[in-house]
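A.B. asks: For the sequence shown, the numbering used here gives the first residue as 234, with consecutive numbering after it. Where is the CB? At the ideal position from N, CA and C, for every residue including glycine. Model, not experiment: these values are computed from the prediction.
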Amino acid sequence: MVLAAGIALGGFFPGYYYYQSKINANSVTVKGLAERDVRADMAVWSLQFVVTGNDLSELQPQILGQAKTIVAFLKKRGFAEEEISVSPITTNDLFANPYQNTAETNGRRFILTQSVELQTNKVDAVADALTASNELIAGGIVFSQDYGGGSRVSYLFTKLNDIKPEMLEEATRNAKEAALQFAKNSGSKVGKIRRASQGVFSVQPKVDALNMQENRQIDKKVRVVSTVEYWLK
């Protein structure tokens, strides 16, 4: 059976399939969609904090004490020592920068920065601890926002490979369903696969809110679209 080239049809249908028929002589190209709601299984929480002043001999014990306070806060909330790491202190001498206007430093010469990082699979406990972390700020700890620092949590889904085979099978099945639906509507029959391509897996936020990044949400959505071209008979 020969169909005229150049016809374009498209639409979503129940069962998550889509066809966009580039009808090419005796073939039709269809797309099958598969989606899964998933939940983050790992959290990485980076807490970058800063102290400023003129006397290094006073600032170093101060920032080391703040690091101990943060570590104690995390341990109190059930996180193990091996899940916590503390970075070395970095020191910025503003007066050593020839381009720095010292009048803008408010008389504070040194900026000391340090980070505590938590990496854990206790995702819900991290969300609770994040809410309670205001007590650290109330205790005088200043989280630096420079260079993407501050107090930031990334929620990660690391088990994508575990669900890939099942999702690809579903996407291909839905593509076949789309081809069968098209063939029924056009009075033709679906033959063998002419060619197929696997789409890229994407992990997206489950709630598509403005300025809400995927790694800021515990609940996520995994999506893949497979493209299959079938011969028509």
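1) For G311, count neighbouring C-beta atoms within 10 Å of its own C-beta (all shown protein chains included) and say buried if the count is 16 or more, exposed if not.
2) Determine the DSSP secondary structure at V349, reduced to helix, strand or coil.
3) I need the DSSP call for V455, collapsed to helix, strand or coil.
4) If you follow the beta strand (DSSP E) that F282 is part of, which residue opens it and which one closes it?
5) Can you tell me whether M445 is buried or exposed? The criterion is at least 16 other CB atoms within 10 Å of its CB, across all chains shown.
6) Who are the near neighbours of S384 in its chain, counting only those whose CB is closer than 7 Å to its CB and skipping five residues on each side?
7) For S320, which three-state DSSP category applies?
8) Roughly how many angstroms separate the alpha carbons of V284 and R449, rounded to a whole number?
9) Which residues share a DSSP beta bridge with A442?
10) Report buried or exposed for E402, applying the criterion of at least 16 other Cβ atoms within 10 angstroms of its Cβ.
11) In whole angstroms, what is the alpha-carbon distance linking M275 and W464?
12) Give me the Cα-Cα distance between G316 and L351, rounded to the nearest whole angstrom.
13) Roughly how many whole angstroms lie between the Cα atoms of Q299 and S318?
14) S290: which of R342, T262, N259 and K422 sits nearest, CA to CA?
15) Among K397, D441 and V440, which has the Cα closest to the Cα of G432?
C.D. replies: Let's see:
1) exposed
2) strand
3) strand
4) M275 to G286
5) exposed
6) L280, S366 and F376
7) coil
8) 27 Å
9) A442 is not bridged to any residue.
10) exposed
11) 44 Å
12) The displayed chain sequence assigns Glu, not Gly, to residue 316. If I take the Cα positions, the gap works out to 6 Å.
13) 14 Å
14) R342
15) K397
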